[in-house]
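In UniProt numbering, the protein residues as written are 1 to 194. Ideal Cβ positions, reconstructed from N, Cα and C, are used throughout, including at glycine.
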């Protein structure tokens with residue numbers, strides 16, 4: 001069973017296919033958000049946005065059954081942010097992409113919710129949850145070299161830039177190597193953000 005996580009301002013709940021329209025509205029239809037995500041070239045039409053959203057949702061749900069982790073829907077949990085329960089993004093974990101690096105952190109949030117500390121809040125809840133699992137010792141994340149806001153979020157949750165990697169065809173697409181961030185359980189627990 002997929003747990004629901006609650007923070008001071010957010011609810012992280014299981015994603016479902018019924019989130020497709022909300023994901024299109026919050027993420028896929030906003031090029032300022034999509035420019036940092038894979039498949040951004042496929043969302044120039046409404047049909048493309050719908051297709052990419054459903055593909056993301058399916059990819060985010062699948063690992064729960066086989067690996068015991070996956071990606072949650074981020075929803076408003078505090079009326080000061082808007083209507084409680086409103087879908088504003090996603091965060092969680094994807095299967096390991098580089099051997100020995102642990103699950104990969106994945107996240108995106110509606111642009112109007114940026115700069116409020118919400119991604120840091122959501123990811124802290126995710127890391128608190130995954131590092132309870134004794135088999136998970138490390139997690140990693142990658143981002144576009146120019147996505148300085150995302151890089152700051154990774155650093156706020158205690159991750160450190162370890163190296164640069166060719167992942168998701170980044171070099172072939174002309175994006176160069178991606179910054180690879182990493183954290184282990186002991187470091188996270190010792191330095192956990194408040």
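Following the DSSP letters along the chain, one finds residue 181 inside the beta strand (DSSP E) bounded by residues 178-184. If you draw a straight line from the Cα of residue 123 to the Cα of residue 47, it is about 30 Å long.
From the listed residues 131, 114 and 13, the smallest Cα separation to residue 77 is found for 13. Beta-bridge annotation (DSSP): residue 138 is paired with 184.
Under the three-pair Cβ rule at 8 Å, the segment 113-127 counts as touching the segment 148-159. Scanning its chain for C-beta atoms nearer than 8 Å, with the 5 sequence neighbours on each side dropped, one finds around residue 98 the residues 140, 165, 167 and 180, in chain order. Between residue 49 and residue 29 the beta-carbon gap is near 6 Å, inside 8 Å, which marks them as a contact. Straight through space, the alpha carbons of residue 31 and residue 25 are spaced by roughly 11 Å. In the three-state scheme derived from DSSP, where H, G and I count as helix and E and B as strand, residue 9 is classed as coil. Here residue 100 is exposed: its Cβ has fewer than 16 other Cβ atoms, across all protein chains shown, within 10 Å. DSSP, reduced to helix, strand and coil, places residue 72 within a strand of the structure shown.
The C-beta of residue 160 has fewer than 16 other C-beta atoms within 10 Å across all chains shown, which makes the residue exposed. For residue 152, the enclosing alpha helix (DSSP H) begins and ends at 148-156.
Scanning the segment 91-144 for uninterrupted beta strand (DSSP E) segments of 3 residues or longer gives 104-109 and 138-142, listed from N- to C-terminal end. In the DSSP secondary-structure assignment, residue 160 is bridged to 182.
In the DSSP assignment, residue 52 falls within the unbroken alpha helix (DSSP H) covering 46-67.
The beta carbon of residue 64 sits closer than 6 Å to the beta carbons of 2 and 70 from its chain, once the five residues preceding and following it are set aside; these are given in chain order.
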